[in-house]
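Heads up: the sequence shown runs through residues -24 to -1, 1 to 479, numbered per mature numbering (1 follows the signal peptide of the UniProt record, and there is no 0). The block underneath contains the structure these notes are about, expressed in structure tokens.
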Amino acid sequence: MFIYMPSRCLINVIFCLQVATCYRSCILNGQRALCSGQWFYQVPALPPNITHLFLDRNYIRELSSASLEDFAELQDLDLGNQKVKLVIRNNGFLQQRNMTRLVLGFNIGLQLEPRAFAGLDNLQSLFLDHCRLTDAILTNSFLQPLRFLETLDLFGNRIMRLQPGLFFSNLTRFTQLNLKLNQIEKFCEGDLVGFKGKYFQYLNLTSNKLFRTPSEDWFSCGNPFKGIAFNILDLSYNGLNKKQITQFFKAIQGTQIAHLKYSGPIGKGFSHENIPDPDESTFEGLNRSAISILDLSKNFIFCLQKAVFSPLKDINPNAFDGLQGHLRMLNLSFNLLVLDLSYNHIGVLGDDAFSKLPRLRGLFLTGNSLRGLGLPAMLPNLEYLTLGDNKLSSIYNLITLGSSSTYVDVSDNRLTDMEDVYVILTHFKRLQKLFFGGNFIKWCTLSKNIMMPQNNSLEVLDLHDSSHQRFTLRCGHCRALNPSCSRGAVLLLTLCSDPDWDM
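So, in structure tokens, the structure goes:
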């Protein structure tokens, strides 16, 4: 790495005379020139073989056809965040056949002449975020020369109506569009004809105003995504309630979407009755969309209603990533193996919760607000059941939920009777690890029908911080609670680590 000084400086023996024609220095590293924040008012003189040029945070007012004519090998140019209004003249990039990445973001009031991007035949990524651009950037022919464009970032502009020009049909590699934080209120079936036939790897419509339009308008609007398919579609932070998002999903019925994201105010949380939780009708419009992943993170869903996800027939592992920000793995298809709803605000399980999940092996409900288990469905193949860090005061219906489990965690709840441990060990015939610590045990009353199996499979019993000192854990009255009396297993009076889930 060395410091490059423009050739227009006058050299006198061993030093450069700083005359008025000298520019500030750029840092050169191979074919990269870092000229960020150097008070340049025009593109400086640099070696002609430069491939990466960073001119962000300068004072360049204009880019004309002469500005870059000496840099035919340029591949990556960053002109973002100029401190003055930037104008891109016609043919400003005419000689830049090798450029693949162009950054013009954070140029407030950026002015583009009609042929500003002419010559960028091989450009793949264009960043125009936070430039106060309007609908014209997509509707007019500014982007038409970009035949190999793949990614377009229009984050934080002033686009109100989404009506891409017909020339987009010729941009066959264009698959990623970021329209987050614009002002798009509505787009109808005919508006997106320029995108017809495209398969978007990623379309981000987060934080627009889509669902502020009265819901009945979506029916007259038709399907705005007709003829378009998506790998990832993000509609987060648009709608205000369940009714409006339900109507929109019905409007786009049949649109193929592999991964749908919707974060926002869906759900009543703990105290809001005016915004109901999703029900069976909410996702009905998506029943033919072949959705494999539904991300509902950062909503306020309080209760999972019966059959709420039943219209979604193609959900796979990793689906529903993050209800209220933390859902990690959820699949409500017949073949579901893991359901992780840890660290949400779930306070109630509806009747017959988890029904039609006969192959479920792992159910993780740690860190919620459950006071009881309600009337859950039986899970005959369950192996891992975690209910730690809830508010359970009873294990009623725990046996119904998952008596086949080999791993059970009910630690850090409000259980007070040591008999619960006997009950679990009696009815969970395959149990190997039981985590019961963190419950404040007050008594130990044994019912006559509690019959501890002589050949139980218990390996670990964790009673940390459960006031176990109140009882005599030795062979005798509490013989069954001392694993060392039977199989040489381990009685843990300190916290055990979480299990490794191995599918």
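The beta carbon of each residue, even a glycine, is placed where N, CA and C say it ideally should be.
Just reading off the alpha helix (DSSP H) that residue i is part of, what are its end residues?
i, result
"residue 480", "Outside the modelled stretch of the chain, which goes from -24 to 479, sits residue 480, for which no answer is possible."
"K237", "Unbroken run through K237 is the beta strand (DSSP E), 233 to 237; no alpha helix (DSSP H)."
"F224", "218 to 227"
"I400", "395 to 403"
"L181", "From DSSP, L181 is part of no alpha helix (DSSP H); its letter is neither H nor E."
Taking residue i as the reference, which of the options has the closest Cα?
i, options, result
"Q72", "L99, R33, K367, N320", "L99"
"I242", "P252, H235, I233, L236", "P252"
"S41", "L96, D105, Q177, L333", "L96"
"S117", "G132, S145, R134, R108", "S145"
"P83", "L70, R77, H106, G68", "Checking the sequence shown, residue 83 turns out to be Asn, not Pro. Comparing Cα-Cα distances from N83 to each of L70, R77, H106, G68, the minimum goes to H106."
"K162", "R137, E395, K172", "R137"
"D441", "N389, R406, N431", "N389"
"P356", "L55, G378, F416", "G378"
"F69", "K59, V60, L119, L22", "L119"
"S273", "S286, T110, L317", "L317"
"Q177", "K185, L168, N154, L55", "N154"
"D54", "L125, R406, T76", "T76"
"S12", "F30, L22, Q18, S1", "F30"
"L341", "H321, M354, L351", "H321"
"G348", "L358, I375, E359", "I375"
"D365", "F195, E45, N415, D210", "N415"
"N66", "P90, T231, V436, L50", "P90"
"K405", "N432, L22, L80", "N432"
"I135", "L186, G166, F150", "L186"
"E165", "G85, Q232, W194, E45", "W194"
"D396", "K409, S380, S369, Q408", "S369"
"L262", "K244, D290, E256, F225", "F225"
If you count every other CB in all the chains shown that lies within 10 Å of the CB of residue i, and 16 or more means buried, which is it?
i, result
"W15", "exposed"
"R188", "exposed"
"L130", "buried"
"P334", "exposed"
"A112", "exposed"
"residue 480", "What the structure shows of the chain is the stretch from -24 to 479, and residue 480 is not part of that stretch, so it cannot be assessed."
"W419", "exposed"
"N5", "exposed"
"Q430", "exposed"
"R264", "exposed"
"D327", "exposed"
"P254", "buried"
"S423", "exposed"
"G132", "buried"
"S387", "buried"
"Y360", "buried"
"K237", "buried"
"S286", "exposed"
"T421", "exposed"
"R337", "buried"
My assumption, with CB atoms under 8 angstroms, is that residue i sits in contact with residue j. Please give the rounded CB distance.
i, j, result
"Q152", "T127", "4 angstroms"
"T362", "D385", "4 angstroms"
"F47", "P24", "6 angstroms"
"F201", "I228", "5 angstroms"
"N275", "S239", "6 angstroms"
"G170", "G141", "5 angstroms"
"H235", "I269", "4 angstroms"
"L147", "R108", "Incorrect: roughly 24 angstroms between the Cβ atoms, too far for contact."
"Q58", "I26", "Going by Cβ atoms, the distance from Q58 to I26 rounds to 19 angstroms, so no, they are not a contact pair."
"S212", "T182", "4 angstroms"
Which residue marks the beginning of the beta strand (DSSP E) containing residue i, and which one marks its end?
i, result
"D316", "314 to 316"
"T115", "Careful: T115 lies outside any beta strand (DSSP E), inside the alpha helix (DSSP H) at 112 to 115."
"C420", "Looking at the DSSP string, C420 is not in any beta strand (DSSP E), and its letter there is neither H nor E."
"Q71", "No beta strand (DSSP E) contains Q71, which DSSP labels as neither H nor E."
"L109", "Counting along the chain, L109 falls outside any beta strand (DSSP E), and DSSP gives it neither H nor E."
"S101", "101 to 103"
"T127", "127 to 129"
"V386", "From DSSP, V386 is part of no beta strand (DSSP E); its letter is neither H nor E."
"N5", "2 to 5"
"T362", "360 to 362"
"R153", "According to the sequence shown, residue 153 is Leu rather than Arg. Start and end: 152 to 154."
"H28", "28 to 30"
"A205", "205 to 210"
Discussion item. Quick test of the definition: if touching needs 3 or more C-beta pairs under 8 angstroms, does the stretch 208 to 221 touch the stretch 281 to 290?
Written reply: no
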